[in-house]
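Residue numbers (the numbering used here), protein chains in the order written: chain A, 715 to 906; chain B, 715 to 906; chain C, 715 to 906; chain D, 715 to 906. Contents: one structure, followed by commentary.
4 protein chains.
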Amino acid sequence: MSPVDPVPYRIAGIAGSLRRASFNKSLLAHAAAVAPPSLAIDVLPDALRLPLFDQDLEDAGDPDEVVALRAALAEADGLLLVTPEYNFGVPGPVKNMVDWMSRPPGRAPLRDKPVLLMGASTGRLGGTVQAQGQLRISLAVVGAHVMASPPVLVAEAGTRFDGDVLVDEPTQKIVALALARFADFVATHRPR
Amino acid sequence: MSPVDPVPYRIAGIAGSLRRASFNKSLLAHAAAVAPPSLAIDVLPDALRLPLFDQDLEDAGDPDEVVALRAALAEADGLLLVTPEYNFGVPGPVKNMVDWMSRPPGRAPLRDKPVLLMGASTGRLGGTVQAQGQLRISLAVVGAHVMASPPVLVAEAGTRFDGDVLVDEPTQKIVALALARFADFVATHRPR
Amino acid sequence: MSPVDPVPYRIAGIAGSLRRASFNKSLLAHAAAVAPPSLAIDVLPDALRLPLFDQDLEDAGDPDEVVALRAALAEADGLLLVTPEYNFGVPGPVKNMVDWMSRPPGRAPLRDKPVLLMGASTGRLGGTVQAQGQLRISLAVVGAHVMASPPVLVAEAGTRFDGDVLVDEPTQKIVALALARFADFVATHRPR
Amino acid sequence: MSPVDPVPYRIAGIAGSLRRASFNKSLLAHAAAVAPPSLAIDVLPDALRLPLFDQDLEDAGDPDEVVALRAALAEADGLLLVTPEYNFGVPGPVKNMVDWMSRPPGRAPLRDKPVLLMGASTGRLGGTVQAQGQLRISLAVVGAHVMASPPVLVAEAGTRFDGDVLVDEPTQKIVALALARFADFVATHRPR
């Protein structure tokens, strides 16, 4: 942010879990709180609450929730998606949201959007590495720009949060580093 | 099927698309119609119509639709899953079903279940190869047994069906071969 | 092994690392030492030392190392592949070996072969989960039968070995469980 | 290219196949011939001819071929990697090259490098979609910037080339579009 460009980029923040007490929601809240001044992260709490994708539904006119989320993403300069991993893959509700937001072809709100992925899991293994890998592939074909690194992969989340507060310092540092790089990335990649 | 084992294996048939006019539904219907006598494929038309996975929902007691699908799968000797691919990945509603059916840990209805994957897409590329690859990984960690080959990957589905009838002979042959092998596979792998 | 079937299954053991001091070699050696009596694991120390795959080479007549490895695999009842992960994927030398052993079409030595995957990495993340996922997909299309579970994913290998001896008890247990299941799996799946 | 910046970006071009008559070599040659003036694509014919990755080799001092390729990549403003797919994955020799070029940590020549992926396969399915997906994940963790779209996936290559000349017009168009976008992408992403 230079003195002549004081407006922060608006980043849509989506957590990939529906449960109330979610490490991924807490990780997103932490990121929103510590983001650099050039990034204003707006959490979209109902982003996953969409109908199951069904082309008949779409043909009948997009559901209201879909229209609302498309509008919110269209206005955003970027997306921060913080997601768990289920069964070595993207959670169904997260992929469902991505599938709706990949439509309509040519005018998808995810197209040309800068994206930062993060994720937390309670298990010892991977910290959502496979969910993020699958999302990287799906988001690329939609035309979104997924930042390459550093990966933010929080394994054993139960040991890194105190209640809903991220207290693990190494994790705090990697989150801060990723956000700082994302600020540059959005400046370079946001749709014009 | 030997003379002393005349009861066919019951195979749950699930199509991975919710729209009415779906090539994957047609492909499943074709498979059910031409299956060898040792396989009785029961199509479960509402298998995808589950709530979005939410652990709070699960903790409050499983939704009725989830209970019903678990019971149907628990009774089946195997699963035939015929799915499209969205954005180079598993459709959200399909992964959502797999995620529910991967629960509860230790008693998941997919555990030890023989699975045959098929898929159709209208595009030229891949015929759902990436969706099937991701499902192979997710189903393995759940403990299901996914048959290795032959892959049934139907690209350019618009040219292979006449209305909802599969008319492409090479596709008919690979489907028949996969079903014949699956009959042996179920005999070997079904839970005992 | 029943009293009337006293010959153990011969399992080819391949480590996916070329370096001398390799946790994956040590993990393979441990597995070979503790395998149940029905499995005789023969380590093939030079299995990765093949030329880079090149169809011109193949057309000119298979290199001696390739011929030798094909013969060793053809005689084996199964394969235990213990591999590291490089850059969130299969190590190049491991994929190179799989690519050679997937040939020639129709007579590939990996075809119909029961396979058990294991892996160790020094990092905190994943314990080779992505390498194993990619191998599961590649081996399936070759027609091999990869056992579904339990996954043997050894992260932070530096803390689980004392020199080249696996000393971590939870890891020893999961290895033993996987081997016990693999004995049944080979009995069911080996080519006849 | 503005009037004040007349020097074209130097792009290292690597084909992922070792055989002489390779559709991927022909596709790379076509791309080099039709690239916009702002991109000068230098084909590195021996890029894959590296020893199998072995950390003992690395510890003993990098092999000459590795040193040479690292230097060539370090001088380049970007990388065009045109690769086949073997067994639903990255060819072994290609991954081996990526693994060498991901080293040493912190100074890898692929780090921060803009990358364009293309691929051709003779089969009907996918046109290397899975190899490219795996490379996208591996290259991201190395810190390279892989352009998101359009995907250049050439299936049924046998019908799109006349000898070693790309004659299929739709494929020519997608290659031209990808190169035009890559020129902008390199301008934005090349290391400074």
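Backbone N, C-alpha and C define an ideal beta-carbon position, used for all residues, glycine too.
Inset, instruction - Tell me whether the beta-carbon of PHE737 of chain C lies closer than 9 Å to the beta-carbon of PRO807 of chain D. - result: Taking the first residue of the third sequence as 1, we reach residue 737 of chain C at position 23. Taking the first residue of the fourth sequence as 1, we reach residue 807 of chain D at position 93. No, they are not a contact pair.
Inset, instruction - Give a yes or no on whether the minimum CB-CB distance between PHE896 of chain A and chain B is below 9 Å. - result: For this step, residue 896 of chain A is matched to residue 182 along the first sequence. PHE896 of chain A does not count as touching chain B.
Inset, instruction - Return no unless some Cβ of chain D is closer than 9 Å to the Cβ of HIS859 of chain A. - result: As a first step, residue 859 of chain A must be located in the first sequence, where it is residue number 145. Chain D, which has a Cβ nearer than 9 Å to the Cβ of HIS859 of chain A, makes this yes.
Legend entry - Collapsed DSSP secondary structure at PRO807 of chain C in the structure displayed: Your numbering for residue 807 of chain C matches position 93 in the third sequence. PRO807 of chain C: helix per DSSP, three-state reduction.
Inset, instruction - Give a yes or no on whether the minimum CB-CB distance between SER863 of chain A and chain D is below 9 Å. - result: Within the first sequence, the letter at position 149 stands for residue 863 of chain A. With 9 Å as the cut-off, SER863 of chain A counts as an interface residue toward chain D.
Legend entry - Residues bridged to PRO828 of chain D (per DSSP): On the fourth sequence, residue 828 of chain D is found 114 positions in, with the first residue counted as 1. According to DSSP, which records beta bridges pairwise, PRO828 of chain D is partnered with D:HIS859.
Inset, instruction - Would you tell me roughly how many angstroms separate the C-alpha atoms of LYS887 of chain B and ALA726 of chain A, rounded to the nearest one? - result: Position 173 of the second sequence, counted from the start, is the residue given in the question as residue 887 of chain B. Position 12 of the first sequence, counted from the start, is the residue given in the question as residue 726 of chain A. Roughly 48 Å separates the two Cα atoms.
Legend entry - Exposure label - THR902 of chain D; buried when at least 16 CB within 10 Å: As a first step, residue 902 of chain D must be located in the fourth sequence, where it is residue number 188. Counting Cβ neighbours within 10 Å, THR902 of chain D comes out exposed, since fewer than 16 surround it.
Inset, instruction - Taking GLY847 of chain D as the query, report the chain A residues whose CB atoms sit under 7 Å from its CB, ordered along the chain. - result: The residue given as residue 847 of chain D occupies position 133 in the fourth sequence. Neighbours of GLY847 of chain D on chain A, chain order: ILE851.
Inset, instruction - Identify whether ALA743 of chain A lies in helix, strand or coil by the three-state DSSP scheme. - result: Position 29 of the first sequence, counting from 1, holds the residue named residue 743 of chain A. ALA743 of chain A: helix per DSSP, three-state reduction.
Inset, instruction - Check each candidate in B:ARG895, B:ALA869 and B:PHE896 and name the one with the smallest Cα separation from PRO884 of chain B. - result: Numbered from 1 along the second sequence, position 170 holds the residue referred to as residue 884 of chain B. Cα-wise, what sits closest to PRO884 of chain B is B:ALA869.
Inset, instruction - Would you please verify whether the beta carbon of ALA745 of chain A is less than 9 Å from any beta carbon of chain B? - result: Sequence index remark: in the first sequence, residue 745 of chain A carries index 31 (1-based). For ALA745 of chain A, the answer is no, since every Cβ of chain B falls outside 9 Å of its Cβ.
Inset, instruction - State yes or no: is the beta carbon of THR902 of chain A nearer than 9 Å to at least one beta carbon in chain D? - result: Within the first sequence, residue 902 of chain A is the residue found at index 188, counting from 1. True, the Cβ-Cβ gap to chain D drops below 9 Å.
Legend entry - Pairwise C-alpha distance: THR797 of chain D and VAL889 of chain D: As a working note, residue 889 of chain D is residue 175 in the fourth sequence. As a working note, residue 797 of chain D is residue 83 in the fourth sequence. In a straight line, the C-alpha of VAL889 of chain D is about 14 Å away from that of THR797 of chain D.
Legend entry - As assigned by DSSP and simplified to three states, the class of VAL718 of chain A: Taking the first sequence and counting its residues from 1, one reaches residue 718 of chain A at position 4. No answer about VAL718 of chain A holds up, because its pLDDT of 48 lies below 50 and its placement is not dependable.
Legend entry - CB contact below 9 Å: SER716 of chain C versus chain B: Taking the first residue of the third sequence as 1, we reach residue 716 of chain C at position 2. Annotation note: pLDDT 47 at SER716 of chain C (below 50); position unreliable, no value reported.
Legend entry - Minimum C-alpha distance to LEU787 of chain A - residue among A:ASP826, A:TYR800, A:SER863 and A:LEU742: Taking the first sequence and counting its residues from 1, one reaches residue 787 of chain A at position 73. Selected option, being the one with the closest Cα: A:ASP826.
Legend entry - Enclosing beta strand (DSSP E) for VAL866 of chain B [first to last residue]: To locate residue 866 of chain B, count along the second sequence from 1; it is residue 152. Careful: VAL866 of chain B lies outside any beta strand (DSSP E) and carries neither H nor E.
Legend entry - Neighbourhood of VAL780 of chain A by C-beta distance below 7 Å, restricted to the same chain and skipping five residues each side: Here residue 780 of chain A is taken as the residue at index 66 of the first sequence, counted from 1. Within the same chain, VAL780 of chain A has close Cβ partners LEU764 and TRP814.
Inset, instruction - Select from the region 821-838 of chain B all residues with a C-beta closer than 7 Å to any C-beta belonging to chain D, and list them in chain order. - result: Sequence-ordered contacts of the region 821-838 of chain B with chain D read ARG838 [C-beta pairs closer than 7 Å].
Inset, instruction - Measure the alpha-carbon distance for SER716 of chain C versus TYR800 of chain D and round it to whole angstroms. - result: On the third sequence, position 2 is the one that residue 716 of chain C refers to. On the fourth sequence, position 86 is the one that residue 800 of chain D refers to. Residue confidence for SER716 of chain C is low, a pLDDT of 47 falling below 50, so the modelled location carries little weight and cannot support an answer.
Legend entry - Per-residue contacts from ALA854 of chain A into chain D (C-beta, under 7 Å): Here the question's residue 854 of chain A lines up with position 140 in the first sequence. Within 7 Å Cβ-Cβ: ARG850, ALA862 and SER863.
Inset, instruction - Could you say which of C:PRO777, C:ARG733, C:ARG838 and C:ASP773 lies nearest to ASP878 of chain C if we only look at CA atoms? - result: By one-based count along the third sequence, residue 878 of chain C stands at place 164. With distances taken between Cα atoms, ASP878 of chain C lies closest to C:ARG733.
Legend entry - Below-9 Å beta-carbon distance, PRO884 of chain B vs any chain A residue: Looking up residue 884 of chain B in the second sequence gives position 170. By this cut-off, PRO884 of chain B is not an interface position.
Legend entry - Continuous alpha helix (DSSP H) stretch holding ARG895 of chain B: start and end: By one-based count along the second sequence, residue 895 of chain B stands at place 181. Here the alpha helix (DSSP H) through ARG895 of chain B covers 883-903.
Inset, instruction - Please compile the residues from chain B whose C-beta is within a distance smaller than 8 Å of the C-beta of VAL843 of chain D. - result: Sequence index remark: in the fourth sequence, residue 843 of chain D carries index 129 (1-based). Neighbours of VAL843 of chain D on chain B, chain order: PHE802, LEU839, GLY840, VAL843 and GLN844.
Inset, instruction - Measure from the alpha carbon of VAL829 of chain B to the alpha carbon of each residue in B:HIS859, B:PRO823 and B:VAL804, then state which is nearest. - result: Position 115 of the second sequence, counted from the first residue, corresponds to residue 829 of chain B. When only C-alpha atoms are compared, the closest one is B:HIS859.
Inset, instruction - Return the CA-CA distance between ALA782 of chain A and ASP776 of chain A, expressed in angstroms with no decimal places. - result: In the first sequence, the residue the question calls residue 782 of chain A occupies position 68. In the first sequence, the residue the question calls residue 776 of chain A occupies position 62. Each residue's alpha carbon lies about 10 Å from the other.
Inset, instruction - Would you kindly check if the distance between the Cβ of ILE851 of chain B and the Cβ of LEU910 of chain B is under 9 Å? - result: Limits of chain B in this structure are 715 at one end and 906 at the other, which puts residue 910 of chain B out of reach.
Legend entry - Helix, strand or coil at ALA822 of chain C [DSSP, three-state]: The residue given as residue 822 of chain C occupies position 108 in the third sequence. ALA822 of chain C: coil per DSSP, three-state reduction.
Legend entry - Contacts around VAL718 of chain C, its chain only, beta-carbon distance under 8 Å, and the 5 residues preceding and following it disregarded: Here residue 718 of chain C is taken as the residue at index 4 of the third sequence, counted from 1. Only weak support is given to the placement of VAL718 of chain C: the predicted model assigns it a pLDDT of 48, under 50, and the value that follows is read from those uncertain coordinates. Here the set comprises nothing.
Inset, instruction - Find out if the Cβ-Cβ distance for the pair GLY730 of chain C, ALA845 of chain C is shorter than 9 Å. - result: As a first step, residue 730 of chain C must be located in the third sequence, where it is residue number 16. As a first step, residue 845 of chain C must be located in the third sequence, where it is residue number 131. Result yes, Cβ atoms of GLY730 of chain C and ALA845 of chain C sit closer than 9 Å.
Inset, instruction - Measure the CB-CB distance between GLY840 of chain A and VAL866 of chain C and report whether it falls below 9 Å. - result: As a working mapping, residue 840 of chain A is identified with position 126 in the first sequence. As a working mapping, residue 866 of chain C is identified with position 152 in the third sequence. Against a cut-off of 9 Å, the Cβ pair of VAL866 of chain C and GLY840 of chain A comes out as no contact.
Legend entry - Runs of beta strand (DSSP E) lying entirely within the region 769-815 of chain B, each at least 3 residues, in chain order: Restricted to the region 769-815 of chain B, the beta strand (DSSP E) segments that are unbroken, complete and at least 3 residues in length are 792-796, listed in chain order.
Inset, instruction - Compare the Cα-Cα distances from MET861 of chain A to each of A:SER752, A:ARG817, A:VAL900 and A:PRO819 and report the closest residue. - result: Taking the first residue of the first sequence as position 1, residue 861 of chain A is located at position 147. Answer by Cα proximity: A:VAL900.
Inset, instruction - Out of B:ARG724, B:SER752, B:ALA735 and B:VAL748, state which residue places its alpha-carbon closest to the alpha-carbon of LEU758 of chain B. - result: Sequence index remark: in the second sequence, residue 758 of chain B carries index 44 (1-based). For the residues B:ARG724, B:SER752, B:ALA735 and B:VAL748, the minimum Cα distance to LEU758 of chain B belongs to B:ARG724.
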